[in-house]
Amino acid sequence: MMAAGKVTDLLPYEPPVPLKVRVIRKYCIQWSPTDKSQLFYLLVDESGNAVEAKISTRLKKIDSKVFLYKCYLLTGYVVDPPQKIGKVVDQTVTIIVGDRAEFHAIDELPIQKQFYSFAPYSSLEGRYHPTAKTVLLTGTLQLESTSATSIVIDLAIEGYSEEIKSLKALTARASSHYGYQTEDDIRNNLTTIGDILSKNPDTINNHRFSCIAKVKEIFANRKWFSRKCTVCLDNMRREGVRMVCKNCTVAQEEVINYCVNATICDNTGSMPVVFFNEAMTQVLRVDCRKLVIDEEYNDPVVLPPQLTELIGQEKIFHFIFKSTETPSIQQTLDVHFTAEPEKETEILHEEVEVSDITSSSTAPKTPASKASRRYDRQQSGI
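To convert, note that position 194 of the sequence shown is 194 in our numbering; the numbers rise steadily by one, no gaps.
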């Protein structure tokens, strides 16, 4: 069997080492009410060190074969920096388990089945398996400590259910409205951020709005671009000097797209927005791949000057509210409309042709000369 490493040997973005671990926890984290819950494992190695393993949402088959308190040899994973939100252990890495990762069941190892990050194992000897005590409370025999209990009471109020149904019907009709999309409609239907924020979020799903605003802030810590696999469309991750996919065993090409989280504001308020690839390409007039690969702005949390120059600029932003709380920018226009240069060129070309014809004619026929000849004919009786 291949030699196994330790959790403390892992470094972010470096090639992984085989790990002999025990799975001691399975838990889910949901970052917001609109996000899907993310499955995590808490793994402990033979040295008593723990690490979080983030499990791909597609791996139901793997999860069904991985059991709590069993020992496994883990290979084929990807090493990322630790979670910024919801981190449960004090480690410098997080393990990413994708399609190419494997949990090989192995024989029982002397690995603890508990993990306490606040104290070393030597000080916890004899307290790993405390016996639950029983006490008498109000005449009932029960455990000394019980988990918190919550009770939800749904009172049957007359007419309440009918009112809820009518409100849901109104919301459904409002959500089917997609609004204007042409450039003329965008310019002629401007609103303010304050007016948008005053609306009920439940009634503006799939609604489009436009406003004149400035880019107040760009959040570099949210990463300004994404690198995705062309096969499975999952995020690519750095491993040494190369980019790898957690799912595909064969090296794949990557798609690099903008994903810029920012705040826009006007004199009535401010709100967060996200610029996806098409909208940001329209603003910067440069492809994201060119910035990352050709111009080597390859750190996703360090903004290139092309992005920082947008801060303070006033634009017309056209955006849509979807299932998430943050609207996505669909289109960006300049506040002051300018004529297209192609049309100006055509008009100039036509003027040159007319002038050439005029200069080549020996007797130009102007409207005045035509009128005078017509008057002479009338005077002569012709």
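Idealized CB from N, CA, C, for every residue including glycine.
Residues that residue i bridges to, as DSSP identifies them
i: Thr263; result: Glu217, Pro272
i: Tyr72; result: Val21, Ala105
i: His318; result: Ser210, Gln331
i: Ala3; result: DSSP, once it has assigned bridges, lists no residue as partnering Ala3.
i: Phe225; result: Tyr258
i: Lys54; result: Phe40, Ile96
i: Lys26; result: Tyr41
i: Ile413; result: Within the shown structure, residues of the chain are numbered from 1 to 382, placing residue 413 beyond reach of any answer.
i: Thr192; result: According to DSSP, Thr192 bridges with nothing at all.
Neighbour-count burial assignment, residue i, 16 or more Cβ in a 10 Å radius
i: Leu19; result: buried
i: Tyr297; result: buried
i: Tyr41; result: buried
i: Gly86; result: exposed
i: Ile256; result: buried
i: Glu217; result: exposed
i: Arg208; result: buried
i: Glu254; result: buried
i: Gly312; result: exposed
i: Ala101; result: buried
i: Lys315; result: buried
i: Pro15; result: exposed
i: Leu197; result: exposed
Terminal residues of the beta strand (DSSP E) in which residue i lies
i: Glu278; result: Counting along the chain, Glu278 falls outside any beta strand (DSSP E), though it belongs to the alpha helix (DSSP H) covering 277-284.
i: Val330; result: It should be pointed out that residue 330 corresponds to Gln in this sequence rather than to Val. Gln330 -> beta strand (DSSP E) spans 328-334.
i: Leu43; result: 38-45
i: Ile95; result: 94-97
i: Arg238; result: 236-239
i: Val244; result: 242-245
Enclosing alpha helix (DSSP H) for residue i [first to last residue]
i: Ser64; result: 60-65
i: Asp80; result: First-last for Asp80: 78-80, but that is the beta strand (DSSP E), not the alpha helix (DSSP H).
i: Glu183; result: 183-188
CB contact check: residue i to chain B, cutoff 8 Å
i: Val66; result: The displayed structure is made up of one protein chain only, and chain B is not part of it.
Q. Pairing CB atoms from the region 268-281 with CB atoms from the region 228-247, are three or more of them under 8 Å?
A. no
(Q) Any contact between the region 46-58 and the region 214-223? By contact I mean 3 or more CB pairs, one from each, below 8 Å. (A) no
Q.
Using 8 Å as the cut-off, can you tell me whether the region 101-112 makes contact with the region 61-80, which would need three or more C-beta pairs spanning the two stretches below that distance?
A. yes
Q: Specify whether the region 190-197 and the region 295-312 touch according to this definition: at least 3 beta carbon pairs, one from each stretch, less than 8 Å apart.
A: no
Q. Using 8 Å as the Cβ pair cut-off and three pairs as the minimum, do the region 226-234 and the region 76-85 touch?
A. no
Q) Counting Cβ pairs, one atom from each stretch, are 3 or more of them under 8 Å apart for the region 276-296 and the region 196-205? A) no
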